[in-house]
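Reviewing the structure listed below.
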Amino acid sequence: MAEAANVRQNLQNVPSIFEISAAETLDNLIYPALSKVFDYFGLRLDFKLWGNLHVREEVSPIITWILQYLYLRKRASSFGESFYGLQRTATATGELLTRQQQFTSATLLTFLPYIERKLRSRSAQHEDTYAWESQLINLFHVYNASKAVHTFLYLIKYAKSHSPLFRALRLTLRYPSEPPKEDKWTYIFLKMLEVLAFFLQFIQWWYSNDQRRKLGGTLQNPQAMPERELPKELKETLPKNGECPVCLLPLQTPTACAVSGYVYCWKCIVTHLKEQGTCPVTSYPITIEDLVRIYET
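Numbering (this note's numbering), first residue to last: -12 to 284.
The following block contains the structure:
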């Protein structure tokens, strides 16, 4: 009877995969939201180490790590997990995190998504990447596939942990049997941080809308100079209709720049983008995400 009651209690303390997914989503909002705020105020690490080695990096990962470690230390849960009332416990004993597990959990929570985001950004912009960067991206693919398998096994009650990282750390997520013990000021401070969850979601929404407005073309297309005012030598070099402004040949794989509206060959605009990072005609700053493939009907 006692064993059956213990099993029922453990099952009742097991969160659903939807609550775990919501907590992970909230954790993943911290870094991009802080990055947007710090970029707006120009807050970055900017200093020289030695010689020509110059460090210019954002402070968002450091602040994110401090925030996550604070929650793991005080409540044995990450920022998102605490918001949804979850707690990390040892799979075998049900005890709270040790100091080493707190440090490791905060580091993995912060820097694994940061590294993956940086690698994918470099790859999406067609920047020259090293062989080890490609191998790391492949490892992230393997990890994400493994996580999907763990999530399925957790969903059918076959696994006690929803993630390979939790399994490696021998941890699982549970509802706490009693509220965390903390002093009044710690409680007030952490509650204020939880209120920031809505602020983080607002920042993410604002950033998404900003990106959509950018792709929609908030910049006015530059007015072309009247052809009669152009010098004769320049008129002879102007591209004709259906020609690429870069190579002056018929368009191959026509690609439009969403910022300026000009159309180029895909190969020409990507090559120029890697070297200059601007629209060849208008010199507006652009990225690979601003390029739109044009299909003929």
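From the three backbone atoms N, C-alpha and C, an ideal C-beta is built for every residue, glycine too.
Same chain, Cβ closer than 6 Å to residue i, neighbours up to 5 away in sequence not counted
i	result
R60	Q89
S133	P151
P2	L73 and L160
W52	A93 and T97
Y130	none
V268	P232 and Y249
Burial state of residue i, where buried means 16 or more other Cβ atoms lie within 10 Å
i	result
H128	exposed
Q74	buried
L206	With a pLDDT of only 47 at L206, under the threshold of 50, the placement of this residue in the model should not be trusted; the figure read from the coordinates follows. With fewer than 16 other Cβ atoms within 10 Å, it is exposed.
S69	buried
I7	buried
F28	exposed
F5	exposed
L236	exposed
S22	buried
E262	exposed
Pick from the options that is closest to residue i, judged by C-alpha positions
i	options	result
V46	Y117, K171, F98 and P232	F98
L126	A146, S69, I102 and K147	I102
A135	S148, W52 and S65	S148
T76	L13, N131, A118 and L156	L156
K178	L84, L95 and L54	L54
Y18	K105, H259, N0 and E262	K105
T80	Q122, Q87 and L158	L158
R86	S110, L57 and R109	L57
H259	T242, T269, V233 and H137	V233
L95	E82, A118, T78 and F153	F153
Y282	Y130, Y271, S270 and T242	T242
P100	N228, G229, L16 and T269	L16
S164	L83, I49, V257 and Y271	L83
Same chain only: Cβ atoms within 7 Å of residue i, ignoring 5 sequence neighbours per side
i	result
C266	C244, V246, S247, Y249 and I273
C231	L238, Y251, C252 and C255
Y174	none
Y271	L206, V246, S247 and T265
I50	L21
Beta-carbon spacing of residue i, residue j below 8 Å
i	j	result
Y71	A146	no
E11	G67	yes
S92	D14	no
S108	I124	no
Y162	N0	yes
Contact set for residue i: own chain, Cβ-Cβ below 8 Å, skip 5 residues either direction
i	result
T240	C252, W253, K254 and R280
P48	Y18, T97, F98 and Y101
*Three or more C-beta pairs closer than 8 Å, one from the segment 60 to 75 and one from the segment 128 to 141: is that the case here?*
Proximity of the segment 60 to 75 to the segment 128 to 141 falls short of the contact definition, fewer than three beta-carbon pairs being nearer than 8 Å.
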